[in-house]
Amino acid sequence: MYIDGSNFYHGLKTSHRKTKIDFSKAARKLADGRKLIRTYYYNAPVDQIEEPLRYKDQQRFFSSLDKIPHFETTLGRLVRRERTAACKSCKASERIVFHNEKGIDVNIAVDMLTMAFKNIYDTAILVSGDGDFEKAIKGVKDLGKHVENAY
């Protein structure tokens, strides 16, 4: 099972669902009685200097995931970006700061393909609403494996 952590979290928030999840229980439920070999969780930590409290909470969360048997966490990184946007009504410009994840999607895709090639699983369960995995999913299927998107 491959969980795109940020995508999953923001999907829950957008649909006004609770974000505190028992990942061990959720993984077992999604496996639906099949043997679950391992769950891989991917995310990117927030900047410790910009958001110290959120960073501390997130690190505590990552540590709790590391205690779950057969559960692995892979971290990417957030890259800070800035752009200037103009107000449509008054034309005043404002600098907007945002962050882009780096390394998450590629790590998921590489892991799914590598493990399919090594014949580690029969069915990959992908927990993500991200359309960027289309080619990776096709590659996994070309290797004779099944892919379920559990988003």
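If you want our numbering, it's the position in the sequence shown, counting the first as 1, plus 3. Using N, Cα and C, we set each Cβ at its ideal position, and we do this for glycine too.
Beta-carbon gap between residue i and residue j smaller than 9 Å
| i | j | result |
| --- | --- | --- |
| ASN46 | THR76 | yes |
| HIS149 | THR117 | no |
| ASP135 | TYR43 | no |
| PHE74 | PRO48 | no |
| LYS105 | GLY79 | yes |
| ARG83 | VAL109 | no |
| ILE24 | ILE123 | no |
Residues bridged to residue i [DSSP beta-bridge criterion]
| i | result |
| --- | --- |
| GLU151 | ILE128 |
| TYR5 | TYR43 and LEU129 |
Sequence-distant residues of the same chain with beta carbon closer than 6 Å to residue i, five excluded per side
| i | result |
| --- | --- |
| LEU33 | ILE128 and ALA153 |
| SER27 | ILE71 |
First and last residue of the uninterrupted beta strand (DSSP E) at residue i
| i | result |
| --- | --- |
| THR42 | 42-46 |
N-terminal and C-terminal residue of the alpha helix (DSSP H) that residue i is part of
| i | result |
| --- | --- |
| LYS23 | Segment: none, LYS23 is in no alpha helix (DSSP H) and carries neither H nor E. |
Nonlocal neighbours in the same chain, by C-beta distance under 8 Å from residue i, ignoring five residues either side
| i | result |
| --- | --- |
| ALA131 | First, the amino acid is wrong: residue 131 is Ser here, not Ala. Taken in chain order, the residues that qualify are TYR5, ILE6, ASP7, ASN10, PHE11, ILE111, ASN152 and TYR154. |
| PHE120 | LEU146 |
| LYS144 | VAL150 |
| ARG57 | VAL49 |
| HIS13 | none |
| LEU81 | ALA47, PRO48, VAL49, ASP50, HIS102, ASN103, GLU104 and LYS105 |
Cut-off 7 Å between Cβ atoms - residues of its own chain near residue i, not counting five sequence neighbours on either side
| i | result |
| --- | --- |
| GLN61 | PRO48 and VAL49 |
| ALA30 | MET4, LEU39 and THR42 |
| GLN51 | TYR58 |
| ASP133 | ASP7, ASN10 and ASP108 |
To test your reading of the DSSP string, which unbroken beta strand (DSSP E) runs of 3 or more residues are found completely within the segment 65-148? 74-78, 80-89, 96-105 and 126-130
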